[in-house]
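Chemist:
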Amino acid sequence: MTENENWTRVECDAGGGQADQDLLRRLIDGDVAVVRLRGLLPAAEFAANRERLRRIFSDATTTRYVNGALTTIGPYLAKYLSRPDDYFTAARAAENRLDEVSFDLSAQVRQALTKEFGLHSLRPAEEPDGRRYGDAVVRVHADGVSNPLHNDNIMRDARDTGLALAGLRHQLSCVVCVEECDEGGELRIYQRSWRPEDEAFKIDGGLGYDAGVVAGAPVHTFRPRAEDVYLINPTHYHEIERVHGADRTTLGFFVGFPGESLTDAVVWG
Numbered sequence: 043m044t045e046n047e048n049w050t051r052v053e054c055d056a057g058g059g060q061a062d063q064d065l066l067r068r069l070i071d072g073d074v075a076v077v078r079l080r081g082l083l084p085a086a087e088f089a090a091n092r093e094r095l096r097r098i099f100s101d102a103t104t105t106r107y108v109n110g111a112l113t114t115i116g117p118y119l120a121k122y123l124s125r126p127d128d129y130f131t132a133a134r135a136a137e138n139r140l141d142e143v144s145f146d147l148s149a150q151v152r153q154a155l156t157k158e159f160g161l162h163s164l165r166p167a168e169e170p171d172g173r174r175y176g177d178a179v180v181r182v183h184a185d186g187v188s189n190p191l192h193n194d195n196i197m198r199d200a201r202d203t204g205l206a207l208a209g210l211r212h213q214l215s216c217v218v219c220v221e222e223c224d225e226g227g228e229l230r231i232y233q234r235s236w237r238p239e240d241e242a243f244k245i246d247g248g249l250g251y252d253a254g255v256v257a258g259a260p261v262h263t264f265r266p267r268a269e270d271v272y273l274i275n276p277t278h279y280h281e282i283e284r285v286h287g288a289d290r291t292t293l294g295f296f297v298g299f300p301g302e303s304l305t306d307a308v309v310w311g
């Protein structure tokens, strides 16, 4: 596992004309590790939404595994793939709670990304019967918490569920840094996507995969900074280093493209 100058991030200032659909294609093709967007929203909007979020921090729930824990506000679909009805119920409840405190960061980020990348549409995903997916998840990494090596691929994971997302063509992930920790919390992303034979490295009863699955793969490491927005290809293996000090709080959602044009997309948490 070595840092590689050819596997790195692209820095973009919002409104600077650097972000376009070709950049999305490079993420999908595995040519770019991370796209960092600075100044996508005014600092005042982040400050207002941070304050709103503090009012519902007590709503956060923790799911524990043998090798880690995930603390979130709002449900994440991967936890509910075997019981999607429960997911849609939880998503509506979380949406209502966020609406109560006027937390609208996810909608603002979607609107800004639509303009930045020249998209025709970027909206919460829906099932054919009208059930709407949650549009984002707030993730809280407290002092001492890390996130094991894993990858996210809804086309693979939802294949046998009958959910519409299984029919997507490509998947990206958007990470909005709401608050940064004092030390640690770096995201490490590898130039290595999942292969069927990787299941031999799966951690039984736990989260993710043993480190041997990315042996020799180029890696890029970056630490999210407050008020920055990041795009990665989550089908590549990635992990979060141990957090120290203040919470590492992010808003995250997946971005799915149904076709190759990369002009229309849906999101879910």
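Heads up: the sequence shown begins at 43 in this note's numbering, then just goes up one per residue. For glycine and all other residues, C-beta sits at the position ideal for the given N, C-alpha and C. In this text the structure is predicted, and so the values were computed from the model without any measurement.
#1: Which term fits residue 306, buried or exposed, when burial requires 16 or more other beta carbons within 10 angstroms of its beta carbon?
#2: Assign residue 114 to one of two classes, buried (16 or more other C-beta atoms within 10 Å of its C-beta) or exposed (fewer than that).
#3: Beta-carbon within less than 6 Å of residue 74's beta-carbon, same chain only, minus the 5 sequence neighbours each way: which residues are those?
#4: Using C-beta distances below 6 Å, list every residue in its chain close to residue 104, excluding the 5 sequence neighbours before and after it, in chain order.
#5: Which same chain residues end up closer than 7 Å to residue 265 when comparing Cβ atoms and leaving out the 5 residues on each side of it in sequence?
#6: Assuming residue 318 is part of the beta strand (DSSP E), what are its boundary residues?
#7: Alpha carbons only, please: which of 224, 301, 303 and 294 is nearest the one belonging to residue 152?
#8: Hey, quick one: how far does the alpha helix (DSSP H) through residue 148 stretch, first residue to last?
#9: Measure the beta-carbon distance from residue 66 to residue 214 and round it to whole angstroms, keeping in mind my assumption that it falls under 8 Å.
#10: Should residue 88 be labelled buried (16 or more other beta-carbon atoms within 10 Å of its own) or exposed?
#11: If I'm right that residue 310 touches residue 175 with Cβ under 8 Å, what's the distance once you round it to whole angstroms?
#12: Confirm, please, whether the CB-CB distance from residue 144 to residue 177 is below 7 Å.
#13: By the three-class DSSP mapping on this structure, what secondary structure does residue 196 have?
#14: Would you list the one or two residues that DSSP bridges to residue 103?
#15: Applying the 10 Å Cβ sphere with the 16-neighbour rule, what's the burial state of residue 59?
#16: In the DSSP assignment, what are the bridge partners of residue 189?
#17: Tell me the DSSP secondary structure of residue 298 in three-state form.
#18: Assuming residue 286 and residue 221 make a contact with CB atoms under 8 Å, what is their CB distance in whole Å?
#19: Have a look at 70, 138, 81 and 223 and flag the residue whose alpha-carbon is nearest the alpha-carbon of residue 154.
#20: How many Å lie between residue 70 and residue 289 at the Cα?
#21: If you draw a straight line from the alpha carbon of residue 231 to that of residue 279, how long is it in whole angstroms?
#22: With residue 80 as the anchor, note down where its alpha helix (DSSP H) starts and where it stops.
#23: Where residue 200 and residue 61 are concerned, what is the direct C-alpha to C-alpha distance, given to the nearest angstrom?
#24: Of the choices 135, 180, 205 and 55, whose alpha-carbon is the least far from that of residue 125?
#25: Does residue 242 come out as helix, strand or coil in the three-state DSSP assignment?
Modeler: Looking at the coordinates:
#1: With fewer than 16 other Cβ atoms within 10 Å, it is exposed.
#2: With 16 or more other Cβ atoms from the protein chains shown falling within 10 Å of its own Cβ, residue 114 counts as buried.
#3: 52 and 68
#4: 111 and 113
#5: Taken in chain order, the residues that qualify are 227 and 228.
#6: Residue numbering for the chain in the displayed model covers 43 to 311; residue 318 lies beyond these limits and cannot be assessed.
#7: In terms of CA proximity to residue 152, 294 leads the group 224, 301, 303 and 294.
#8: 147-158
#9: Residue 66 to residue 214, Cβ: 7 Å. Contact.
#10: The residue in question, residue 88, is buried, as its Cβ has 16 or more Cβ neighbours within 10 Å.
#11: Indeed they touch by this definition, with Cβ atoms about 4 Å apart.
#12: no
#13: When DSSP states are grouped into helix, strand and coil, residue 196 belongs to the helix group.
#14: 114
#15: With fewer than 16 Cβ atoms within 10 Å of its Cβ, residue 59 is classed as exposed.
#16: 282
#17: In this structure, residue 298 counts as strand in the three-state DSSP scheme.
#18: The pair is not a contact, with the Cβ atoms about 14 Å apart (cut-off 8 Å).
#19: The shortest Cα separation from residue 154 among 70, 138, 81 and 223 belongs to 81.
#20: 30 Å
#21: Our two residues, residue 231 and residue 279, have alpha carbons roughly 6 Å apart in a direct line.
#22: Careful: residue 80 lies outside any alpha helix (DSSP H), inside the beta strand (DSSP E) at 76-80.
#23: For residue 200 and residue 61, the distance between alpha carbons rounds to 30 Å.
#24: 205
#25: helix
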